[in-house]
Each structure stands twice: as structure tokens, then as C-alpha cells.
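K.L.:
Residue numbers (my numbering): 891 to 1265.
(1) Any chance you could list the beta strand (DSSP E) runs of at least 3 consecutive residues sitting entirely within the region 1104–1184, in chain order?
(2) Kindly indicate which residue of 1101, 1086, 1034 has the alpha-carbon position closest to the one of residue 1095.
(3) Indicate whether the contact test is met: 3 or more Cβ pairs, each with one atom in the region 1180–1187 and one in the region 1153–1161, closer than 8 Å.
(4) Please go through the region 1210–1257 and give each complete beta strand (DSSP E) segment of 3 or more residues, from N-terminal end onward.
(5) Between residue 1285 and residue 1138, which are expected to be in contact by the criterion C-beta below 8 Å, what is the C-beta distance as a whole number of angstroms?
(6) Take residue 1216 and list the residues in its own chain whose beta-carbon comes closer than 7 Å to its own, dropping the five residues that flank it on each side.
(7) From which residue to which residue does the alpha helix (DSSP H) around residue 1200 run?
(8) Could you give the distance in angstroms between the alpha-carbon of residue 1113 and the alpha-carbon of residue 1162?
(9) Apart from the five residues just before and just after residue 921, which ones in its own chain have a Cβ nearer than 6 Å to its Cβ?
(10) Taking DSSP as the reference, what is the three-state secondary structure of residue 1208?
(11) Note down, in chain order, each residue of its chain lying with its Cβ closer than 8 Å to the Cβ of residue 1265, except the 5 sequence neighbours on either side.
(12) Report the residue from 951, 1092, 1182, 945 whose alpha carbon sits nearest the alpha carbon of residue 1147.
(13) Pop quiz: residue 912 and residue 1010 are said to be a contact at Cβ under 8 Å. What is the actual Cβ separation, rounded to whole angstroms?
(14) By how many angstroms is the C-alpha of residue 973 removed from the C-alpha of residue 1016?
(15) Which runs of the alpha helix (DSSP H) fall wholly inside the region 1008–1081 and span at least 4 residues, in chain order?
(16) Taking Cβ to Cβ, would you say residue 981 is nearer than 9 Å to residue 1234?
(17) Taking Cβ positions only, does residue 1134 come closer than 9 Å to chain B?
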């Protein structure tokens, strides 16, 4: 085992009232590099592109490159912009798009000649779609390796230690073969059936799943064979930690009522949201506070800002508290959908306490999939 030995630097104690580490905690670099290597199943003669932050777990990248070279795979690294550089970049408008286009134009030849793309942990990310566009315009299979974003953010020392240990569990403690088998059991249990979803807040939705539904399995398999079978960009993008399982429903197949204290990607001042879902669209939208802000957020997404984009289950066994399921409205182009929306703009309805029944059988309770009840 090789651990990153990083000193803890304390900043802002006087201003914040408590100290925060600004450098990452030690982690088993060799184990994480091996997991990335095995997930991508590289073959001799392939090329790999690696985007990384030289100040944030560079040892994982170095070890991964050593494994790739031993396999006969040449790798090429790209250093991501620093947080200071990102802060200077325009957030929106022509200058923002020009920067994105310039990066894509410069790097596309390399991506077109490569087969694998690793997006490594970074302290901060540029707010554009450069890497997603490069995956879309090439044929690379990719692994997006997420770790405490942003870092350190506003986390306290205690939060960083707790979240770090949770990330280690979700990334390394999962038996990928067993997890993959479970995801396929879930697909079999809901294919061709109707999901009835309820929450304590009053949400009650009906979601019909066609017999020929295509699921994205976030099971850790990002081999060449998996990439060749892809039906969407998302199918050539694998996350670490694993656990994504989702599909894009037909609008007519989603209906019911949503009642929730809050939703992601809308102003935090919006509270006690309610609306009906009719043919997959939000109708009779209301809010106890911030209704105008909610309506503005939906409009900013685009013509389909009120339309169901995708349904997600989170299947990683080490999520705590239970992550449950999620329903998103707006952009779904990356998942193979056709919603008319701005880039990746969407609103997320997180259902941590969801209860899901299928043909009278409870397959999720309290946001936890009941694996022993699946066929």
C-alpha cells in the first residue's frame, strides 16, 4: 500500500472560528489507480488521455500511468486550470463559449486518436462542457473520478474526515461484479412495469417503464465492449464511485403529484414546492416561498425546463444516509434524450425517503432498495 503523505495546512481559523485542512487526506493511491485501470480494461496499443490537478492526489494519476505503460498503453496528461485561473474566466456569454470552443478545437485531434479518457479528481472545475463535448465528438470511453467537490468548499475538518471516509467506502468497498448483477436484477424487476413512488411529504407519482427501456448501468464496466454498445454519451461515461442507474422515460408515462420542501438547482429561498405532473410536464406549480424564482429557473432552462428528463436510482451500497432516487426536469441530451434545454440545465427532485412499489411489491422503502424482494 502506498499512501499520499500530505501535510495539513490550516487557514482561516481566526475568520471562520475553526480550522479547516486545505490539503487532501491520505488515501490508498495504489488501490484507486488499480480500480480505475480495471474499470477501463485497457488493451495494448490503446491511447489514454488523463485530465488531472497536479495539486490534488497527483500520485493516483502517476500510479495509473505506470499501470497503463506496463499494459502497453501510452498516456497523455492535461493539467486542469487552477482554482485561481477558473475564478478569472467569464461565467457566461460569448467569451465563455469562445473559451470552451477553443479548448475543444485544440484537444479534439488528441481525443479522436485516443480510446480512453480519465477525468481525475480536481479541487475545482471550469463551468463549461469542454470534456463532455470532447467525449461526444470522439469515441473515447471515459471514467469520471469524483472526490469531495469542491475542495475544501465550506466543509469543517470534521466534515472532511467524515466525507473522505465515505468516499473511500463508496469507491473501493464495492464488489463490482456483485453490484453489476444487482443492477441487472433491478432492471429486470421494473422493465415493462409501472412504478408507484410516494414520499412522506406527499409526493405520489406513477412511472411506466416500457418493456424495451434502455438503462444506463453505472456498474464500473467501462471496457471497449461496453463503449461499443453505447446508445448515448452517458453510456461512454462511467462514474467512480459507481452506483448510477437511470433511464429516460417517455413524457406520457409519468404522472402524479409532487410535494417537496426544496429542489436542487433552484434558489435556496424557494420552499415548499408543489406541482402536478401531467404527461411528464409540471403543471399547477406552487411554492410556499419563492414562486417567482422557481418559475424563472424553469424558464431559464429552456422550452422543456418543465419536462421530465430522467429517473435515477442510486445503487451503491455505501451511500449513507440513503440517497434513494431522483427525478430530473430539463436537459437530458447527455443521457440520450431530446429535451429542448440549455446545455446541462435541469432541476432535480431528490427522493431520499422514497417508497416504490411494483405490482404491489415494495422494492424501495425509506430510500433503500429492498434487494431481497427483487426477483
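We put the beta carbon where it would ideally sit given N, CA and C, even for glycine. Quick caveat: nothing in here was measured; it's all calculated off a predicted structure.
P.N.:
Checking against the coordinates, here is how it stands:
(1) 1127–1130, 1134–1137, 1144–1150, 1161–1168, 1171–1179
(2) Minimum Cα-Cα distance from residue 1095 among the listed residues 1101, 1086, 1034 corresponds to 1086.
(3) yes
(4) 1215–1220, 1236–1241, 1245–1248, 1251–1255
(5) Residue 1285 is absent from the structure shown; the chain starts at 891 and stops at 1265.
(6) Cβ within range, chain order: 1202, 1238, 1239, 1240, 1241.
(7) Going by DSSP, residue 1200 is part of no alpha helix (DSSP H) but of the beta strand (DSSP E) stretching over 1198–1204.
(8) 44 Å
(9) 1062
(10) coil
(11) Within the same chain, residue 1265 has close Cβ partners 1075, 1078, 1079.
(12) 1092
(13) Not really, about 19 Å apart at Cβ, beyond 8 Å.
(14) Taking the straight line joining both Cα atoms gives about 9 Å.
(15) 1020–1027, 1047–1062, 1066–1080
(16) no
(17) No chain B appears in the structure shown, which is made up of a single protein chain.
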